[in-house]
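Have a look at the structure below before the remarks.
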Amino acid sequence: MYAENTAEPPRAKLRTEGLRAWFGHTEALRGVTLRLPERQVTAIIGPSGCGKSTFIRCLNRMHEVVPGARLEGRVTLDGQDVYAPQINPARLRRRVGMVFQKANPFPTMSIRDNVLAGLKLNRMRIEDPEVIVERALRQAALWDEVKDELDRSGVHLSGGQQQRLCIARCLALEPEVLLMDEPCSALDPIATAKVEELIRDLSERYTVVLVTHNMQQAARVADYTAFFYMGELVEYAPTDELFTHPEDRRTEDYITGRFG
Amino acid sequence: MVTPSQPELAPVAPTTPPAEPSPLGDQRSGRLGERLFTLVCLLSLALPLLLLALLFGQTLADALPRLDWAFLTSFPSSRPEAAGILPALAGSAVLMVLTAAIAIPLGVGAALWLEEYARPSRFTAFVELNISNLAGVPSIIYGLLGLELFVRALSLGRSLLAGAATLALLVLPMVILSSREALRAVPLSVREACFALGADRWQGLRRVVLPMAAPGMLTGIILALARAVGETAPLVTIGAVAYVNFVPSSVLDEFTALPIQIFSWVSRPQLAFRANASAGIVVLLAFMLALNAAAIWLRARLQRRIDW
Chain P
66 MYAENTAEPP
76 RAKLRTEGLR
86 AWFGHTEALR
96 GVTLRLPERQ
106 VTAIIGPSGC
116 GKSTFIRCLN
126 RMHEVVPGAR
136 LEGRVTLDGQ
146 DVYAPQINPA
156 RLRRRVGMVF
166 QKANPFPTMS
176 IRDNVLAGLK
186 LNRMRIEDPE
196 VIVERALRQA
206 ALWDEVKDEL
216 DRSGVHLSGG
226 QQQRLCIARC
236 LALEPEVLLM
246 DEPCSALDPI
256 ATAKVEELIR
266 DLSERYTVVL
276 VTHNMQQAAR
286 VADYTAFFYM
296 GELVEYAPTD
306 ELFTHPEDRR
316 TEDYITGRFG
Chain A
2 MVTPSQPELA
12 PVAPTTPPAE
22 PSPLGDQRSG
32 RLGERLFTLV
42 CLLSLALPLL
52 LLALLFGQTL
62 ADALPRLDWA
72 FLTSFPSSRP
82 EAAGILPALA
92 GSAVLMVLTA
102 AIAIPLGVGA
112 ALWLEEYARP
122 SRFTAFVELN
132 ISNLAGVPSI
142 IYGLLGLELF
152 VRALSLGRSL
162 LAGAATLALL
172 VLPMVILSSR
182 EALRAVPLSV
192 REACFALGAD
202 RWQGLRRVVL
212 PMAAPGMLTG
222 IILALARAVG
232 ETAPLVTIGA
242 VAYVNFVPSS
252 VLDEFTALPI
262 QIFSWVSRPQ
272 LAFRANASAG
282 IVVLLAFMLA
292 LNAAAIWLRA
302 RLQRRIDW
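Protein chains in written order, with this note's numbering: chain P, 66 to 325; chain A, 2 to 309.
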């Protein structure tokens, strides 16, 4: 539970209430209640295995893709329960995009087709592919680097470029929320800086939830930060506050590097 | 490392000062052992290759006088010098196409279900066990099954269709196993990316997973078809006839195939027919080599698009 005296964040885009999640008999999340403010970057930090990845995978219903995975509690997007029976998970995932730890462009497709992949996979009519491709790649800050090789396969790009290609692939679907699961953990510092700058820019239009085990990264890019430990939300506050005046002893121990 | 770039055959002269003690122990004896092992490995490669070359050389030598255009375009005859292989060649080609048309959709479909849709259960474990076992069943058993099921029960007669269905049954386990292997090689991260983009399972399979698995599937399928082309026992069992003096015009026609034609020539007493058999073997080998070459070419083409 987060402390009551933190400043009330702007309108919540996503909310979770008592969210619990299991893999088989292992409980990965033990009742998380959290509100993720609209058009802000919320970082989720915590040691490995604290449930931060599981948490964001519950937000776009990717958790249930894993065999043996189970979930309890509520997740609402703009007030609507995303686990309600009439909700189509595929539709939901178009509104709540996801970028993974390891860049995973589709190797059989060109850069152009990678950007359009989400639209094609959803059998959506593509009015003007060139416009969509350019807009998504520009938003992902990749356009200038790849505009002359759109027909080449994306696997020739560097790791950082591949990750931005995956971000562009998400953005082409014009989602409302962008979930990022340690998007920089496989990138070098320069590529990381680029992606971080991109995350800042994206937060003007999108609600971003960023899982990271890098506290400096959270401090640099996030407006709000949530600290998870052993499947529980320990503390949630505006980033400055959490890093300067942590309320909970465990948060303090973690951010000062005493464990984790 | 102190290993020389060129392996020396002569032992190191005793006057050379000993190399500095290595924490890995005596490297020289290790190198000798390694050289011996390399030699043994090389021999075990050379021996079968040599035997194969001898066998092929002998066959080719026997076949050369008979190998000409007329041999490929003539019908069988009781006069060995006039006999040709056209019906067998046409039979094998049609047989292969029909076998592929039956085995590929069934095999790939079964692999897709087992690998992508079925939840692991006792039933799927049972099915998987049986597929693996079926891959080891002798081909003549498939011939008997084909005889009962296709030739008699479904009254297809001794037709191309019955033969192809039998061969398809025979290669189905191989097609399923290799297709599953290829599907399993597609990383989870790519499948998750499809889901995360809002794709349903089928769309992800069709647009992303299948194109990635295609080269591997294709290799297995073509190897399986090459095996089908060389099979004799099941075709003999279902009653393919050796003497056919027409090119099949319908899938319900009687037929012969290359291995059967070769078998019938080999079993003739006249020596001149043996030369025909050799020539038939060369044609069959060329047929299979062409098939394998096609597989390699196709795979390279598909893989160039992928380029990991």
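We put the beta carbon where it would ideally sit given N, CA and C, even for glycine.
Exercise. Count the other C-beta atoms from every protein chain shown that fall within 10 angstroms of the C-beta of Phe124 of chain A, then say buried if there are 16 or more, exposed otherwise.
Key: Walking along the second sequence from the start, residue 124 of chain A turns up at place 123. Phe124 of chain A comes out exposed.
Quiz item: Going by the CB atoms, is the gap between Gly137 of chain A and Ile239 of chain A shorter than 8 Å?
Solution: For the purposes of this step, residue 239 of chain A is taken as the residue at position 238 of the second sequence. For the purposes of this step, residue 137 of chain A is taken as the residue at position 136 of the second sequence. Going by C-beta atoms, Ile239 of chain A is not nearer than 8 Å to Gly137 of chain A.
Quiz item: Which residues, in chain order, does the stretch 178–199 of chain P contribute to contact with chain A at a C-beta distance below 8 Å?
Solution: Ala182, Gly183, Lys185, Leu186, Asn187, Arg188
Quiz prompt | Counterpart residues of Trp87 of chain P in DSSP-defined beta bridges | solution = Counting from one through the first sequence, the residue named residue 87 of chain P turns up at place 22. Looking at the DSSP assignment, Trp87 of chain P forms a beta bridge with P:Glu92, P:Arg135.
Quiz item: Name the residues in the stretch 187–200 of chain A whose C-beta lies less than 7 Å from a C-beta of chain P; which are they?
Solution: Ser190, Val191, Glu193, Ala194, Cys195, Phe196, Ala197, Leu198, Gly199, Ala200
Quiz prompt | N- and C-terminal bounds of the alpha helix (DSSP H) containing Glu261 of chain P | solution = Numbered from 1 along the first sequence, position 196 holds the residue referred to as residue 261 of chain P. Where Glu261 of chain P is concerned, the enclosing alpha helix (DSSP H) stretches over 254–267.
Practice problem: Take Ala168 of chain P and list the residues in its own chain whose beta-carbon comes closer than 8 Å to its own, dropping the five residues that flank it on each side. | Solution: By 1-based counting over the first sequence, the position of residue 168 of chain P is 103. Excluding positions up to five away in sequence, the list reads Gly224, Gln227, Gln228, Leu230, Cys231, Ala251.
Exercise. Could you please tell me which residues of the stretch 202–216 of chain A, in chain order, have their CB closer than 8 Å to any CB of chain P?
Key: Gln204, Gly205, Arg208, Val209, Pro212, Met213
Quiz item: How would you label Glu69 of chain P, buried or exposed, when you count the other beta carbons within 10 angstroms and need 16 or more for buried?
Solution: Your numbering for residue 69 of chain P matches position 4 in the first sequence. Low local confidence applies: a pLDDT of 48 at Glu69 of chain P is under 50, so the model's placement there is unreliable, and no value is given.
Quiz item: Between the stretch 108–124 of chain A and the stretch 281–299 of chain A, are three or more C-beta pairs nearer than 8 Å?
Solution: no
Quiz item: In chain order, which continuous runs of the alpha helix (DSSP H) of length 4 or greater are located wholly inside the stretch 115–191 of chain A?
Solution: 123–135, 140–147, 161–185
Exercise. Look at Thr316 of chain P and Glu300 of chain P and say whether their C-beta atoms are less than 8 Å apart.
Key: Position 251 of the first sequence, counted from the start, is the residue given in the question as residue 316 of chain P. Position 235 of the first sequence, counted from the start, is the residue given in the question as residue 300 of chain P. The answer is yes: Cβ separation under 8 Å.
Quiz item: Near Lys117 of chain P, what residues of its chain come up, given a Cβ to Cβ distance below 6 Å and the 5 sequence neighbours on each side ignored?
Solution: Your numbering for residue 117 of chain P matches position 52 in the first sequence. Closer than 6 Å at the Cβ level, and outside the excluded window around Lys117 of chain P, lie Ile109, Gly111, Val276, Phe293.
Quiz prompt | Proximal residues to Pro12 of chain A (C-beta, below 8 Å), its chain only, five neighbours per side dropped | solution = On the second sequence, residue 12 of chain A is found 11 positions in, with the first residue counted as 1. Below a pLDDT of 50, predicted positions are generally treated as unreliable, and Pro12 of chain A, at 48, falls in that range; the measurement from the model is reported next regardless. No residues qualify anywhere along the chain.
Quiz item: Using the beta-carbon of each residue, which ones in chain A are nearer than 9 Å to Phe165 of chain P?
Solution: In the first sequence, residue 165 of chain P corresponds to position 100, counting from 1. Going along chain A in sequence order, the residues near Phe165 of chain P (Cβ under 9 Å) are Ser190, Glu193, Ala194, Ala197.
Exercise. May I have a chain-ordered list of the beta strand (DSSP E) segments no shorter than 3 residues that lie completely inside the stretch 147–185 of chain P?
Key: 161–164
Self-check item: Classification of Gly199 of chain A by the beta-carbon crowding that lies within 10 angstroms, buried from 16 upward
Solution: As a first step, residue 199 of chain A is located in the second sequence; it is residue number 198 there, counting from the start. Under this definition Gly199 of chain A is a buried residue.
Exercise. Flag Gly224 of chain P as yes if its beta-carbon sits less than 8 Å from any beta-carbon of chain A, otherwise no.
Key: By 1-based counting over the first sequence, the position of residue 224 of chain P is 159. It does not; no Cβ of chain A falls within 8 Å.
Quiz prompt | Gly133 of chain P at chain A interface by Cβ criterion, 8 Å | solution = Position 68 of the first sequence, counted from the first residue, corresponds to residue 133 of chain P. Gly133 of chain P does not count as touching chain A.
Exercise. Measuring alpha carbon to alpha carbon, tell me which of A:Ala197, A:Ile105, A:Phe264, A:Glu35 ends up nearest Leu186 of chain P.
Key: As a working mapping, residue 186 of chain P is identified with position 121 in the first sequence. Checked all of A:Ala197, A:Ile105, A:Phe264, A:Glu35; the closest Cα to Leu186 of chain P is A:Ala197.
Exercise. Could you check if Ile255 of chain P is buried or exposed, using at least 16 other CB atoms within 10 Å of its CB as the buried criterion?
Key: On the first sequence, residue 255 of chain P is found 190 positions in, with the first residue counted as 1. Burial call: exposed.
Self-check item: Simplified DSSP state of Arg100 of chain P, which is helix, strand or coil
Solution: Numbered from 1 along the first sequence, position 35 holds the residue referred to as residue 100 of chain P. Note: Arg100 of chain P maps to strand in three-state DSSP.
Self-check item: chain A residues whose Cβ lies nearer than 9 Å to that of Arg234 of chain P
Solution: The residue you call residue 234 of chain P lines up with position 169 of the first sequence. Result: Ala194, Leu198.
Quiz prompt | Reduced DSSP secondary structure (H/G/I, E/B, other) of Ala237 of chain P | solution = Counted from its first residue, the first sequence places residue 237 of chain P at position 172. Coil at Ala237 of chain P, not helix or strand.
Quiz item: Taking 8 Å as the CB-CB cut-off, is Asn279 of chain P touching chain A?
Solution: Start at 1 with the first residue of the first sequence, and residue 279 of chain P comes out as number 214. No, Asn279 of chain P does not count as interfacial toward chain A.
Practice problem: Reducing DSSP to helix, strand and coil, say where Thr257 of chain A ends up. | Solution: In the second sequence, counting from the first residue as 1, residue 257 of chain A sits at position 256. It is coil, neither helix nor strand.
Exercise. Would you verify that the beta carbon of Val97 of chain P is, or is not, closer than 8 Å to some beta carbon of chain A?
Key: Reading the first sequence from its first residue, position 32 is the one you call residue 97 of chain P. Chain A contact via Cβ: absent.
Self-check item: Supposed contact pair Pro260 of chain A and Gly231 of chain A - C-beta distance, whole angstroms, cut 8 Å
Solution: For the purposes of this step, residue 231 of chain A is taken as residue 230 along the second sequence, with counting starting at 1. For the purposes of this step, residue 260 of chain A is taken as residue 259 along the second sequence, with counting starting at 1. So it is a contact: roughly 6 Å between Cβ atoms.
Self-check item: is_contact[Ala302 of chain P, chain A] using C-beta, thresh 8 Å
Solution: The residue you call residue 302 of chain P lines up with position 237 of the first sequence. So no, Ala302 of chain P is outside the interface.
Quiz item: Leu124 of chain P versus chain A: which residues are under 7 Å apart at the beta carbon?
Solution: Numbered from its first residue, the first sequence carries residue 124 of chain P at position 59. Ordered by position in chain A, no residue passes the 7 Å Cβ test against Leu124 of chain P, which lies about 11 Å from the chain.
Quiz item: With a CB to CB cut of under 7 Å and the five nearest residues on each side skipped, what residues in its chain are close to Ala101 of chain A?
Solution: What you label residue 101 of chain A is simply residue 100 of the second sequence in a count that begins at 1. Result list for Ala101 of chain A: Leu226, in chain order.
Exercise. Just the chain A side, please: which residues come within less than 9 Å of Leu238 of chain P by C-beta, in chain order?
Key: By 1-based counting over the first sequence, the position of residue 238 of chain P is 173. Under the 9 Å cutoff, chain A gives Leu198, Gly199.
Self-check item: Gln145 of chain P - partner residues in DSSP beta bridges
Solution: Counted from its first residue, the first sequence places residue 145 of chain P at position 80. Paired residue(s): P:Leu142.
Quiz prompt | DSSP-derived helix/strand/coil call for Met245 of chain P | solution = Residue mapping note: residue 245 of chain P aligns to position 180 of the first sequence, counting from 1. DSSP places Met245 of chain P in strand when its eight states are reduced to three.
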